[in-house]
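2 protein chains.
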Amino acid sequence: MVEDTREQIARTAEVLFAREGFSNTSLRQVTDAAGVNIAAVNYHFGSKEGLLVEILDRIIAPLNEERIMLLDELEEAGTPDTVDLLTAFLLPDLRLIQELRTRDPSLPRFVSRMYSEASELMERTMGRQFAETQVRFYAAFGHAIPSLSADEIAWRLRCVVGIVVYMFASVETPGLPSMLGGDVDADLERLLGVTVPMMLSPAVEVAVSRH
Amino acid sequence: MVEDTREQIARTAEVLFAREGFSNTSLRQVTDAAGVNIAAVNYHFGSKEGLLVEILDRIIAPLNEERIMLLDELEEAGTPDTVDLLTAFLLPDLRLIQELRTRDPSLPRFVSRMYSEASELMERTMGRQFAETQVRFYAAFGHAIPSLSADEIAWRLRCVVGIVVYMFASVETPGLPSMLGGDVDADLERLLGVTVPMMLSPAVEVAVSRH
DNA sequence: GTATCTTTCAAACAAACATTTGAAACGAGC
DNA sequence: GCTCGTTTCAAATGTTTGTTTGAAAGATAC
Chain F
1 MVEDTREQIA
11 RTAEVLFARE
21 GFSNTSLRQV
31 TDAAGVNIAA
41 VNYHFGSKEG
51 LLVEILDRII
61 APLNEERIML
71 LDELEEAGTP
81 DTVDLLTAFL
91 LPDLRLIQEL
101 RTRDPSLPRF
111 VSRMYSEASE
121 LMERTMGRQF
131 AETQVRFYAA
141 FGHAIPSLSA
151 DEIAWRLRCV
161 VGIVVYMFAS
171 VETPGLPSML
181 GGDVDADLER
191 LLGVTVPMML
201 SPAVEVAVSR
211 H
Chain S
1001 MVEDTREQIA
1011 RTAEVLFARE
1021 GFSNTSLRQV
1031 TDAAGVNIAA
1041 VNYHFGSKEG
1051 LLVEILDRII
1061 APLNEERIML
1071 LDELEEAGTP
1081 DTVDLLTAFL
1091 LPDLRLIQEL
1101 RTRDPSLPRF
1111 VSRMYSEASE
1121 LMERTMGRQF
1131 AETQVRFYAA
1141 FGHAIPSLSA
1151 DEIAWRLRCV
1161 VGIVVYMFAS
1171 VETPGLPSML
1181 GGDVDADLER
1191 LLGVTVPMML
1201 SPAVEVAVSR
1211 H
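Listed in order, the protein sequences are those of chains F and S. Reminder that position 74 of the first sequence reads as 74 in the numbering used here, one-by-one numbering, no gaps. Reminder that position 7 of the second sequence reads as 1007 in the numbering used here, one-by-one numbering, no gaps.
Here's what the structure looks like:
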């Protein structure tokens, strides 16, 4: 098969990158595990970094597309409320985690790792991917929760992002029970149970110290 | 000064590790920036990994000690409620972020990076550091919120951890407004504003799908 | 001031790294 | 069955890596 080597490299690399980290994984580890020649990486992807970008794009792009699509649907149907919006924001993540997990248990870590892993390359890629999504959702939540300022909305939404990123990181932490069950709908319900009160709780008066 | 070189290395290394990541930082970068000879690292810390472990320990150990101390105080004074417990859990983090930030703006990232950065060494170190803290707080929250099962408590607390880790990661993200102001008490109040409703919201009936 | 222990230093070490090369093998089209 | 574009391969390239070495310099104690 023509695209076999290329695909084999990508599949093998993403798992190794997830398990060991990008910098801690050598191309030789990848090509040995994939059963291909080491020169194949540079032939098909240009460089080690090119391989990473492609893997990352293939995972992240559909995620944000799905988020935007769900938001579009909601806004066509009327003015979405907080539960609707959080669902549109969280469901694609839960589905992605589930999908990655069935492919390989350690694969969700790849996404979370990309948040911390170095280089301005990643900040460019990730930033570009998430910029539109953020703006759209900030605005929509602004309409849904008029009692909160735009700053407060953005701040709370970043808390939600924190929870989600941590989920990617810790789905399969050895020794700890998984944060997610097998059923996406049940997981969403549980997550909404904490994020909805989080978004809807009244704004805090930043007053004097507690003591 | 006797300990000058040693200290200089540690101070320089933690900033570089925070900015670039452990694997992406070479010992030569560290020793060049620190103005010391490259052999000094192995002389004083045994290895590059030894340097990392020492830096990590010096940051993380006081954090958990402070958490445990605050919890001890609370439990001596009676049965702490959810706000007390969340305060004891979050305040040390906020103080640490503030302290690291004044030392160097990119330093908080070091902590969050350690959560994702690879190797079983890190999982051992971090796991050992946080194991006692987790058990203690799980139990205390169990008494404070009897309506929730132990599993649900643990699950929600991990959501709180997710928010905190994300804060370490994104205090100083260029382009985005900081998630934290300068005042620790005000930041705590804001954080309690979302985490208290999160912990106290009634348990969700995991029912049939929403659609 | 001599002896002893600690710390620094320039230099060299072998191992691992991503990448390149030029030839060999392959496959599709005619 | 020959040709041409694509893909694979073993081998080698030049860096960079963490670590070691043995001698020089500094500090400390008597």
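We put the beta carbon where it would ideally sit given N, CA and C, even for glycine.
Residue i versus residue j - alpha carbon distance
i: residue 1109 (chain S); j: residue 79 (chain F); result: 38 angstroms
i: residue 77 (chain F); j: residue 85 (chain F); result: 13 angstroms
i: residue 141 (chain F); j: residue 81 (chain F); result: 8 angstroms
i: residue 1009 (chain S); j: residue 24 (chain F); result: 23 angstroms
i: residue 13 (chain F); j: residue 114 (chain F); result: 14 angstroms
i: residue 1098 (chain S); j: residue 45 (chain F); result: 42 angstroms
i: residue 1018 (chain S); j: residue 1035 (chain S); result: 19 angstroms
i: residue 73 (chain F); j: residue 16 (chain F); result: 37 angstroms
i: residue 193 (chain F); j: residue 186 (chain F); result: 11 angstroms
i: residue 132 (chain F); j: residue 183 (chain F); result: 29 angstroms
i: residue 32 (chain F); j: residue 1134 (chain S); result: 40 angstroms
i: residue 1011 (chain S); j: residue 1103 (chain S); result: 9 angstroms
i: residue 1179 (chain S); j: residue 1148 (chain S); result: 30 angstroms
i: residue 1006 (chain S); j: residue 1050 (chain S); result: 12 angstroms
i: residue 1075 (chain S); j: residue 1029 (chain S); result: 47 angstroms
i: residue 1094 (chain S); j: residue 161 (chain F); result: 19 angstroms
i: residue 1068 (chain S); j: residue 1145 (chain S); result: 19 angstroms
i: residue 1139 (chain S); j: residue 170 (chain F); result: 21 angstroms
i: residue 151 (chain F); j: residue 1181 (chain S); result: 13 angstroms
i: residue 20 (chain F); j: residue 83 (chain F); result: 37 angstroms
i: residue 1040 (chain S); j: residue 1105 (chain S); result: 26 angstroms
i: residue 1054 (chain S); j: residue 1047 (chain S); result: 11 angstroms
Among the options, nearest to residue i - alpha-carbon criterion
i: residue 1056 (chain S); options: S:1177, S:1034, S:1125 and S:1169; result: S:1125
i: residue 107 (chain F); options: F:146, F:72 and F:167; result: F:167
i: residue 87 (chain F); options: F:17, F:15, F:137 and F:179; result: F:137
i: residue 1066 (chain S); options: S:1096, S:1005 and S:1054; result: S:1096
i: residue 1092 (chain S); options: S:1188, S:1044 and S:1075; result: S:1188
i: residue 195 (chain F); options: F:170, F:135, F:171 and F:153; result: F:153
i: residue 128 (chain F); options: F:42, F:61 and F:139; result: F:61
i: residue 1158 (chain S); options: F:150, F:144, F:173 and F:151; result: F:173
i: residue 143 (chain F); options: F:101, F:199 and F:54; result: F:199
i: residue 100 (chain F); options: F:58, F:161 and F:162; result: F:58
i: residue 1037 (chain S); options: S:1004, S:1020 and S:1054; result: S:1004
Cβ-Cβ separation, residue j to residue i (assumed contact under 8 angstroms), whole Å
i: residue 1201 (chain S); j: residue 197 (chain F); result: 4 angstroms
i: residue 204 (chain F); j: residue 1190 (chain S); result: 6 angstroms
i: residue 22 (chain F); j: residue 52 (chain F); result: 6 angstroms
i: residue 1164 (chain S); j: residue 1090 (chain S); result: 7 angstroms
i: residue 1116 (chain S); j: residue 112 (chain F); result: 6 angstroms
i: residue 42 (chain F); j: residue 130 (chain F); result: Their Cβ separation, rounded to whole angstroms, is 29 angstroms, which puts residue 42 (chain F) and residue 130 (chain F) out of contact at 8 angstroms.
Within chain F, partners of residue i - CB distance below 9 angstroms
i: residue 1149 (chain S); result: Neighbours of residue 1149 (chain S) on chain F: none; closest Cβ ~12 angstroms, over 9 angstroms.
i: residue 1169 (chain S); result: 115, 116, 162 and 165
Partner residues on chain S for residue i, Cβ-Cβ distance less than 7 angstroms
i: residue 23 (chain F); result: 1021, 1023 and 1024
Residues that residue i contacts on chain F, provided the C-beta gap is smaller than 7 angstroms
i: residue 1193 (chain S); result: 201 and 204
i: residue 1197 (chain S); result: 197, 198 and 201
i: residue 1179 (chain S); result: 155 and 158
8 angstroms Cβ cut-off: residues of chain S touching residue i
i: residue 156 (chain F); result: 1194
Within chain S, the residues that residue i reaches when beta carbons sit closer than 9 angstroms
i: residue 112 (chain F); result: 1115 and 1116
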